[in-house]
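Colleague: Residue numbers (my numbering): 147 to 334. All C-beta atoms, glycine included, are put in the ideal place defined by N, C-alpha and C. Dropping a structure here in structure tokens format, bear with me for questions.
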Amino acid sequence: MRAPTLMLAALVALSVSPDAAQSPRSGAPETFTATAEVKAAAGAITAGIQVHIQRYTPDFDRSAAEKALAGGGYPAFLLALRKSPEVGSVAAGEQKMPIRWVREQKTPTGRTIVVVTDGPLYFIGGGEAAGKSRSGYEVAVVQLRMDETGVGAGTMAAAARVKPGGEAGVQIDDYADQPVTLTNVRRK
Numbered sequence: 147m148r149a150p151t152l153m154l155a156a157l158v159a160l161s162v163s164p165d166a167a168q169s170p171r172s173g174a175p176e177t178f179t180a181t182a183e184v185k186a187a188a189g190a191i192t193a194g195i196q197v198h199i200q201r202y203t204p205d206f207d208r209s210a211a212e213k214a215l216a217g218g219g220y221p222a223f224l225l226a227l228r229k230s231p232e233v234g235s236v237a238a239g240e241q242k243m244p245i246r247w248v249r250e251q252k253t254p255t256g257r258t259i260v261v262v263t264d265g266p267l268y269f270i271g272g273g274e275a276a277g278k279s280r281s282g283y284e285v286a287v288v289q290l291r292m293d294e295t296g297v298g299a300g301t302m303a304a305a306a307r308v309k310p311g312g313e314a315g316v317q318i319d320d321y322a323d324q325p326v327t328l329t330n331v332r333r334k
């Protein structure tokens with residue numbers, strides 16, 4: 147099982163402390179653009195993505211998703227996530243998925259934003275002859291690390307599942323062999 151460390155740490159940190167997880171002024175609505183870079187044995191691919199945040203997830207919806215994951219695992223988490231209101235969208239090419247969970251946390255140099263979508267954006271590596279089953283990879287997870295000027299970098303698991311477990315209590319299982327790198331991240 148693959149668990150991208152940076153996304154895992156960010157997801158857990160944003161979930162654990164309600165006081166630290168929501169800044170007093172979120173800045174929503176806001177839109178971020180980025181270049182997604184995928185490197186594989188066959189070569190590299192780049193594409194533009196856009197993350198539009200209409201509002202940040204309220205504590206009630208955040209708590210419901212966390213409790214569902216802890217008590218009922220991934221299936222319960224998906225049910226709670228999909229009951230949450232749409233709070234934005236992530237677009238990559240012609241693919242667009244609603245955001246159901248988004249939180250931000252202040253850092254010493256800016257903030258970290260973690261987004262969970264209502265479905266996967268892409269199955270990177272899924273076209274391989276011996277590619278693994280797509281079953282169960284029903285969300286995408288995006289992490290943006292922004293400085294105070296609105297410039298940053300990030301990672302994305304374009305098709306993932308969120309599971310209880312590990313040291314932090316949450317694991318991100320990325321369909322791809324490694325997370326997508328997000329460069330040139332800018333707040334519009």
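Does the segment 319-328 come close enough to the segment 289-306 that 3 or more CB-CB pairs lie under 8 Å?
Modeller: As far as the Cβ criterion goes, the segment 289-306 touches the segment 319-328, which means the pair count is three or higher.
Colleague: In angstroms with no decimal places, state the Cα-to-Cα distance between residue 204 and residue 180.
Modeller: Distance between the alpha carbons of residue 204 and residue 180 is about 25 Å.
Colleague: Cα separation between residue 172 and residue 200?
Modeller: Annotation note: pLDDT 44 at residue 172 (below 50); position unreliable, coordinate value reported separately. Cα-Cα distance, rounded: 10 Å.
Colleague: Using DSSP's beta-bridge definition, name the partner residues of residue 306.
Modeller: DSSP output for residue 306 lists 285 and 320 as bridge partner(s).
Colleague: When you compare only the Cα positions, how much space is there between residue 331 and residue 286?
Modeller: So the two alpha carbons sit approximately 18 Å from each other.
Colleague: If you measure between the beta carbons of residue 230 and residue 211, is that distance less than 8 Å?
Modeller: Their beta carbons are under 8 Å apart, which means residue 230 touches residue 211 by this criterion.
Colleague: Please report the distance separating the alpha-carbon of residue 235 from that of residue 334.
Modeller: Cα to Cα, residue 235 sits roughly 15 Å from residue 334.
Colleague: With a 10 Å radius around its C-beta and 16 neighbouring C-beta atoms as the bar for buried, classify residue 318 as buried or exposed.
Modeller: The residue in question, residue 318, is buried, as its Cβ has 16 or more Cβ neighbours within 10 Å.
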